[in-house]
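Okay, so here's the structure we're looking at.
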């Protein structure tokens, strides 16, 4: 690379190697660069760091480093001065999320699932775990690719191979051109993680919860490995070895969905890790959750909805409109909340970076915050804040030079990379246009270039005298031309060669007598429009912000009520039955008193419920609402390590709709793709809360097992014929083996504990195994089973296995042939949760009958009705009533099947499921008997808070309609082109079912 001010003629004979920076181990076939190592960038405006500016000062550079700052422009005698009057110098920008300089292999997936891969060497058995990769070892500078960042002012990047769940360690490099090892500023920047397994051909994991489980298990393995296995036996496992002491390393997380960062925070918090998170562009929606992290923000803006056709608006959601209006203000919102973030150009075209950044600034992002996000913040995140991000002595000479203020109306002029100037624009005739001051001996001259009709012409002027320039020709080495300089005392025709440099034009004059001389032509300062004195008007948003930020989201959290409900018909779901004209007092989220004509305590509100019915909130034993990334980890035959609680989706509108149907509690179950599926999560339907706020913390642990066609893949297609088991006999054998393995695992743990108690300090504990832990909890009675089941023979087989292995089957769910073995279920103490009248939708339910619930109840089986459907969950009151029609079940028994009975099945009946003093105030007020098809839930309380109100719902419908119409009008009135539009709004949560595979709602039949 050429240093500043080197005559262009030197380029003809040598490739310049900066003195002192060549490879000492490599013979240089070149002429040494004798350019002075000390450079003075004088009379410039220096932006030292955000908020600190020095006008008309000199920045001294020595080699690759900043030597110092002179505010009086005192230039050392040995320095080469470059006058940058009218220019502004900033620290070089840093992009914190790139894949610069590394190459990934192509993805190749087999047509049939691959369940096992032989690992290479000492690598991890799962190819999605690539933590042993140090990406700096694969780094190769890519000058052509680097231009994508250089033209926007970036001088260094944080890079890694963006592939896998554990992606390996990143590195930080300069974007200059040199040997790759010379460009590294940091070789180990920390580990990168994601939830995307990328090119791994292994089937596991194939769901979001599976990816979470793999991270959890791998981090636990690394702790065990570093503490025990590696030190005690000397075995090497490179992927785990690389994760040793991960608490002392930076952890970076790459998200693909707006909810990913919160899942990652919760997960990595279990290991006392605080990741730096790649954002989505929608962080403004959850400022209360993003406030305790550091972020890398892409400048992604939601597209303006298409309204070309008059009916287009019908397909546009309120959430899309809110995202379109507010996403440009994402960075400003985080800055206003004092949340640290860096900016990246990831996810956008490089040409859009500055237009997008200026749009973000028009939405409130301040210049100092924008500069910090490009300099000091990423430097601190990377641990390079003593080397990058500021203009200070000892810092890297990576600079951005602009004409004028870059964050108002200035323009990028060039960069300094490792002490060397690099113009940002290729030489062109148009680039030479303008006026320059040129001093030749005692002559003060004006050099002018202008273009007319595509042809460049030039003139040299002194006072009234003019010398025309001839033979103007642009070459790769600069602009060449001729001039008769006789009037200036230089007889004959001289030849001139000029190149663009930071200080203007520099080059040589070859006189007619054969002499030559270096010259510099400094540009006449171009007028720059001063920034407007009046501050820009703040952006006015029409949209509301709610939690979640969707239609019917809450503008504010409901408050716990101290409430006296009077004169209601109270369905207690207890032996007390139905009480007429009765009162209920609730306070602090609990039921305080029940009875007729109670006295209203001081400070209580009253609600006249005359003619209305009050019930406990409905409990759904089997639901799949409010979860993201797949209901099945359908890869392996046992996946008991995955957790539904890891992937809760608090934005699912079906939470709100279920509240409107009187549901207050639901157990979210894993699907039925494997004999032992994932761990379930019981939630309270606290609409507007975060994922963690939905969890019913007091509910005991549970897990999904499955029998039947799905688990043996008999209906999955011809490509699914390799996974064991493929028969019902195999399912029984697999379950037996899993319980035996869990016992052996616990025995090994107990033996280790005994050795520790006997002071045997060198004992090595078993490797932590979350999969076997969950199964062992079943054997210990700490985790309850809910079994997907249909056929009598399989249900009996599992009861026999439970007796053999000494565990209890809590609930058979679906259990459509339960009526055939109701006595056996009763003897075993197993309960049943069934459908009201689903049958004949596949072969193994051909024997289902609508009398199933009644017949099991009559035989003493604790029976409930579940939904297994995001739509049916809103009508569970009617589903319960069907047994009154089919088999004359009493109203109290029918109502119990969706309140106290499922509460007992979930082991939360001491808290919810009935109206009793001391229980949670999870209540529903109906306008009619709750078992009537005309019944409507008017108010639904969870923990004494009104999470649904039909009166409020009507008001909200009007507010949403008005907001939506206002936003549509704003979009219609916005006639500006929308070059930035991207799809940011996530797809709505799919309608998961037990047999849904993957994240694309593909069903097994």
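Numbering (UniProt numbering), first residue to last: 1 to 1005.
Cβ atoms here follow ideal geometry from the backbone N, Cα and C, with glycine treated the same way.
Because the structure is a prediction, the values reported are computed rather than measured.
Next on the checklist: Which same chain residues end up closer than 6 Å to residue 1061 when comparing Cβ atoms and leaving out the 5 residues on each side of it in sequence?
Outcome noted: Outside the displayed span of the chain (1 to 1005) sits residue 1061, for which this structure offers no information.
Next on the checklist: residue 939 and residue 932 - do their beta-carbons sit closer together than 8 Å?
Outcome noted: What you label residue 932 is simply residue 932 of the chain shown in a count that begins at 1. What you label residue 939 is simply residue 939 of the chain shown in a count that begins at 1. Not in contact: residue 932 and residue 939 (Cβ atoms no closer than 8 Å).
Next on the checklist: Less than 8 Å between C-beta atoms, sequence neighbours within five positions excluded: which residues of the same chain meet that for residue 1036?
Outcome noted: No answer is possible for residue 1036: the residues shown for the chain start at 1 and end at 1005.
Checklist entry - Is it the case that the Cβ atoms of residue 46 and residue 80 are separated by a distance below 8 Å? => result Numbered from 1 along the chain shown, position 46 holds the residue referred to as residue 46. Numbered from 1 along the chain shown, position 80 holds the residue referred to as residue 80. Cβ atoms of residue 46 and residue 80: not closer than 8 Å.
Checklist entry - Going by alpha carbons, who is nearest to residue 83 out of 524, 200 and 219? => result Counting from 1 along the chain shown, the entry for residue 83 is found at position 83. Checking every option, the nearest Cα to that of residue 83 belongs to 524.
Item to check | Contact the segment 959 to 968 vs the segment 654 to 662: 3+ CB pairs below 8 Å | outcome: no
Checklist entry - Just how far apart, CA to CA, sit residue 116 and residue 104? => result Translated into the one-based positions of the chain shown, residue 116 becomes position 116. Translated into the one-based positions of the chain shown, residue 104 becomes position 104. Whole-angstrom Cα-Cα distance: 22 Å.
Checklist entry - Assuming residue 620 contacts residue 876 under a Cβ cut-off of 8 Å, what Cβ separation, rounded to an integer in Å, is found between them? => result Within the chain shown, the letter at position 620 stands for residue 620. Within the chain shown, the letter at position 876 stands for residue 876. The pair is a contact, with the Cβ atoms about 6 Å apart (cut-off 8 Å).
Checklist entry - residue 290 by DSSP, collapsed to three states: which one? => result Here the question's residue 290 lines up with position 290 in the chain shown. In this structure, residue 290 counts as helix in the three-state DSSP scheme.
Next on the checklist: For residue 544 and residue 737, what's the separation of their Cα atoms in angstroms?
Outcome noted: Counting from 1 along the chain shown, the entry for residue 544 is found at position 544. Counting from 1 along the chain shown, the entry for residue 737 is found at position 737. Distance between the alpha carbons of residue 544 and residue 737: 55 Å.
Checklist entry - Of all the options 487, 481 and 816, which has the alpha carbon lying nearest to the alpha carbon of residue 508? => result As a first step, residue 508 is located in the chain shown; it is residue number 508 there, counting from the start. The shortest C-alpha separation from residue 508 is found at 481.
Next on the checklist: Less than 8 Å between the beta carbons of residue 254 and residue 192, yes or no?
Outcome noted: Residue numbering aside, residue 254 sits at position 254 when the chain shown is read from its first letter. Residue numbering aside, residue 192 sits at position 192 when the chain shown is read from its first letter. Yes; because the gap between Cβ atoms is below 8 Å, this pair is in contact.
Item to check | Buried versus exposed call for residue 899 [16 or more other C-beta atoms within 10 Å across all chains shown] | outcome: Taking the chain shown and counting its residues from 1, the one referred to as residue 899 is at position 899. Buried, by the Cβ-count rule.
Next on the checklist: At the level of alpha carbons, what is the spacing between residue 8 and residue 521?
Outcome noted: Start at 1 with the first residue of the chain shown, and residue 8 comes out as number 8. Start at 1 with the first residue of the chain shown, and residue 521 comes out as number 521. Low local confidence applies: a pLDDT of 31 at residue 8 is under 50, so the model's placement there is unreliable, with the coordinate-based value given in what follows. If I take the Cα positions, the gap works out to 15 Å.
Next on the checklist: Am I right that residue 792 and residue 820 are in contact with their C-beta atoms under 8 Å? What's the rounded C-beta distance?
Outcome noted: Here the question's residue 792 lines up with position 792 in the chain shown. Here the question's residue 820 lines up with position 820 in the chain shown. Right, the Cβ-Cβ distance comes to about 4 Å (below 8 Å), so this counts as a contact.
Checklist entry - Taking the continuous alpha helix (DSSP H) assigned at residue 269, which residues delimit it? => result By 1-based counting over the chain shown, the position of residue 269 is 269. Looking at the DSSP string, the run of the alpha helix (DSSP H) that includes residue 269 is 260 to 269.
Checklist entry - Helix or strand or just coil, what does DSSP make of residue 779? => result By 1-based counting over the chain shown, the position of residue 779 is 779. Residue 779: helix per DSSP, three-state reduction.
Checklist entry - How far does the beta strand (DSSP E) with residue 85 in it reach, from first residue to last? => result Position 85 of the chain shown, counting from 1, holds the residue named residue 85. No beta strand (DSSP E) holds residue 85; DSSP gives it neither H nor E.
Checklist entry - What are the residues that DSSP puts in a beta bridge with residue 656? => result Start at 1 with the first residue of the chain shown, and residue 656 comes out as number 656. Answer is none; residue 656 lacks a bridge partner.
Next on the checklist: Does the segment 142 to 155 come into contact with the segment 165 to 181, if we say contact requires no fewer than three beta-carbon pairs (one atom in each stretch) closer than 8 Å?
Outcome noted: yes
Next on the checklist: Let me check understanding here. Comparing Cα to Cα, which of 495, 337, 490 and 323 lies closest to residue 469?
Outcome noted: In the chain shown, counting from the first residue as 1, residue 469 sits at position 469. Cα-wise, what sits closest to residue 469 is 495.
Checklist entry - With respect to the alpha helix (DSSP H) encompassing residue 883, which residues constitute its N-terminal and C-terminal limits? => result Residue 883 sits at position 883 when you count from the first residue of the chain shown. That run of the alpha helix (DSSP H) goes 876 to 887.
Item to check | Beta-carbon spacing of residue 604, residue 564 below 8 Å | outcome: Taking the chain shown and counting its residues from 1, the one referred to as residue 604 is at position 604. Taking the chain shown and counting its residues from 1, the one referred to as residue 564 is at position 564. Yes, the Cβ-Cβ distance between residue 604 and residue 564 is below 8 Å.
Checklist entry - To the nearest angstrom, how far is it from the Cα of residue 370 to the Cα of residue 343? => result Sequence index remark: in the chain shown, residue 370 carries index 370 (1-based). Sequence index remark: in the chain shown, residue 343 carries index 343 (1-based). Roughly 8 Å separates the two Cα atoms.
Checklist entry - Just the Cα atoms here: how many angstroms apart are residue 247 and residue 812? => result Here residue 247 refers to the residue found at position 247 of the chain shown. Here residue 812 refers to the residue found at position 812 of the chain shown. Going by the C-alpha atoms only, they are around 43 Å apart.
Checklist entry - If we ignore side chains and look at the alpha-carbon of each, how far apart do residue 327 and residue 208 end up? => result Numbered from 1 along the chain shown, position 327 holds the residue referred to as residue 327. Numbered from 1 along the chain shown, position 208 holds the residue referred to as residue 208. Cα to Cα, residue 327 sits roughly 26 Å from residue 208.
Item to check | Cβ-based burial, residue 561 [other Cβ within 10 Å; buried from 16] | outcome: In the chain shown, the residue the question calls residue 561 occupies position 561. So residue 561 ends up on the buried side.
Checklist entry - Which ranges does the beta strand (DSSP E) cover as unbroken runs of at least 3 residues, wholly within the UniProt domain "Amidohydrolase-related" (857 to 944), from first to last along the chain? => result 863 to 865, 923 to 926 and 937 to 942
Next on the checklist: Can you look up residue 644 in the DSSP assignment and give me helix, strand or coil?
Outcome noted: Within the chain shown, residue 644 is the residue found at index 644, counting from 1. In this structure, residue 644 counts as helix in the three-state DSSP scheme.
Next on the checklist: Among 807, 804, 806 and 798, whose alpha-carbon lies nearest the alpha-carbon of residue 815?
Outcome noted: Within the chain shown, numbered from 1, the residue matching residue 815 stands at position 815. That would be 798, whose Cα lies nearest to the Cα of residue 815.
Item to check | Contact check, residue 786 vs residue 704, beta carbons under 8 Å | outcome: Taking the chain shown and counting its residues from 1, the one referred to as residue 786 is at position 786. Taking the chain shown and counting its residues from 1, the one referred to as residue 704 is at position 704. Result yes, Cβ atoms of residue 786 and residue 704 sit closer than 8 Å.
Checklist entry - For residue 948, which residues does DSSP report across the bridge? => result Here the question's residue 948 lines up with position 948 in the chain shown. Bridge partners of residue 948: 940.
Item to check | Separation of residue 113 from residue 714, as counted between CA atoms | outcome: For the purposes of this step, residue 714 is taken as the residue at position 714 of the chain shown. For the purposes of this step, residue 113 is taken as the residue at position 113 of the chain shown. Each residue's alpha carbon lies about 15 Å from the other.
Checklist entry - Where residue 170 and residue 71 are concerned, what is the direct C-alpha to C-alpha distance, given to the nearest angstrom? => result Start at 1 with the first residue of the chain shown, and residue 170 comes out as number 170. Start at 1 with the first residue of the chain shown, and residue 71 comes out as number 71. The alpha-carbon atoms of residue 170 and residue 71 are separated by roughly 38 Å.
Checklist entry - Can you tell which of 771, 151, 423 and 710 has the C-alpha that lies nearest to the C-alpha of residue 213? => result Position 213 of the chain shown, counted from the start, is the residue given in the question as residue 213. When only C-alpha atoms are compared, the closest one is 771.
Item to check | Range covered by the beta strand (DSSP E) that runs through residue 500 | outcome: Taking the first residue of the chain shown as 1, we reach residue 500 at position 500. Its beta strand (DSSP E) spans residues 493 to 501.
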